[in-house]
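Report on the following structure.
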Amino acid sequence: MVAIVTIRYLAVSGGFAWLTARRGITAGPANPAKRKKQIASEIRWSLLSAVIYAVPAGLNLELWRTRGWTQLQTSLSTPLEWLWFPLSVALYLFLHDSWFYWTHRWMHGPKLFKAVHAVHHASKPPTAWAAMSFHPWEAISGAVLLPALAFIIPIHVGAMAIVLTIATIMGVTNHMGWEMFPKSWVNGWFGRHFISASHHEAHHRHYNCNYGLYFRFWDQSCGTDRGIVTDFRG
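For the sequence shown, our numbering assigns the number 1 to the initial residue and increments by one for each residue that follows.
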């Protein structure tokens with residue numbers, strides 16, 4: 001599982017870092033020496049986070065395989081199971097976003113920020129390699145939710161794979177230094193409800209806003225939504 005999470009990080013972050021360079025965009029500090037040092041730090045912290053993320057995920061799969069203790073499912077043989085497949089994806093994403101919003105906002109308290117979350121914000125500005133650049137305590141908080149939910153809420157393994165794919169891609173693309181969605185999306189209905197790099201960039205610039213991961217629901221409901229940055233390349 002450590003190998004799987006590590007390879008996933010290197011492949012997705014590396015792929016979007018390569019695409020960023022291909023587009024002629026310089027993500028991270030403008031100074032090449034500072035940029036190289038920052039990316040090296042992002043990769044080191046992310047590889048440590050990969051190990052931490054792998055532990056509860058591996059335990060979850062092992063208990064499913066050997067004991068059948070989780071709610072992971074492999075059957076799609078009834079209309080109800082087919083209906084629950086997309087609903088479970090939406091529910092897991094909402095619960096993940098809710099957990100992320102409140103733990104993320106909590107970590108912006110002065111003491112926790114200095115002790116823990118400052119590791120992530122040391123990326124100024126972040127790059128695609130920063131998606132998992134967390135202090136170990138923050139990595140633990142992010143690693144436990146989805147495996148824990150799989151013990152409580154039924155979900156097909158394919159649906160879980162979709163959730164993990166969305167989590168990985170959004171975590172990377174929100175930090176890569178440019179907007180992958182069309183401006184018509186970002187400035188339209190999609191951008192009013194869903195988070196993209198243009199929205200999360202404001203968090204890294206101002207620190208006290210835009211705490212969400214997928215949806216703008218909690219930011220908008222709690223008065224922490226500062227909107228999107230408008231000087232982002234697309």
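Every residue, glycine too, gets a C-beta built ideally from N, C-alpha and C.
These figures come from a predicted structure and were not determined experimentally.
Around residue 207, the same chain offers 108 and 121 as residues with beta carbons nearer than 8 Å, after the five sequence neighbours per side are excluded. By the C-beta density criterion, residue 152 is exposed, having fewer than 16 other C-beta atoms within 10 angstroms.
Of 105, 74 and 64, the smallest CA-CA separation from residue 147 is found for 64. Inter-segment contact for the region 162–174 and the region 130–150 is present: three or more beta-carbon pairs are separated by less than 8 Å. Looking from the CA of residue 172, the closest CA among 181, 132, 139 and 184 belongs to 132. Secondary structure at residue 73: strand, using DSSP grouped into helix, strand and coil.
Straight-line measurement puts the Cα of residue 38 at about 13 Å from the Cα of residue 134. Of the residues 174, 40, 77 and 66, the one whose Cα lies closest to the Cα of residue 203 is 174. Given a length threshold of 4 residues, each whole run of the alpha helix (DSSP H) inside the region 166–197 is given here in chain order: 183–186 and 189–193. DSSP lists 73 as the beta-bridge partner residues of residue 156. Distances from the alpha-carbon of residue 141 to those of 159, 180 and 98 put 98 closest.
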